[in-house]
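**Q** Handing you a structure now.
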Amino acid sequence: MNIIEKNANDAQQALRHLEERLKNALAPLKDIVGTQVEVSEGHCLQHGLFEQRRRTLQVLPHVQQETECPACLRAKIAALAKRIASERQQNQAQF
Ligand SMILES: [Zn+2]
């Protein structure tokens, strides 16, 4: 794999990771044994209020996972997808 392919691969992976985080932020609440979910209002400086889920591991109460602002995640996904597309075009132009 050359460096251009590696960068493209990393960007694809980052994109999948963001999509996973968005899916998680929007998915219906599910029961996971050993964890507890709290739903509260998160506040995003850019997008205002959103539904935020905070999952706590019962045996390790200091381990918490909070979902992020879905609008921010969507914006990041759109920006990254655009970057991937334009880099792909540039690479094709070079060869
Ligand atoms: Zn936001």
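Reminder that position 88 of the sequence shown reads as 1533 in this note's numbering, one-by-one numbering, no gaps.
In this text, a Cβ means the ideal position worked out from N, Cα and C, and glycines have one as well.
Quantities reported herein were computed from a predicted structural model and do not represent experimental measurements.
With a threshold of 7 angstroms on Cβ separation, who are the neighbours of LEU1467 within its own chain once the five nearest residues in sequence on each side are excluded?
**A** PRO1515, LEU1518, ARG1519 and ILE1522
**Q** Exposed or buried, which one is GLY1487 when buried takes at least 16 other CB atoms within 10 Å?
**A** When all chains shown are included, GLY1487 counts as buried.
**Q** Within this structure, are the beta carbons of ASN1536 and ILE1449 separated by less than 9 angstroms?
**A** yes
**Q** Could you please go through the chain and list the residues whose beta-carbon is closer than 6 angstroms to any non-hydrogen atom of ligand 1?
**A** CYS1489, GLN1491, HIS1492, CYS1514, ALA1516 and CYS1517
**Q** Strictly by DSSP, which residues pair up with GLU1483?
**A** In DSSP, GLU1483 forms a bridge with ARG1499.
**Q** What is the residue span of the beta strand (DSSP E) that ARG1505 lies within?
**A** Correcting the residue identity first, residue 1505 is Leu in this sequence and not Arg. Per DSSP, LEU1505 belongs to the beta strand (DSSP E) from 1505-1511.
**Q** Check whether the Cβ atoms of ARG1461 and GLU1483 sit closer than 9 angstroms, and answer yes or no.
**A** no
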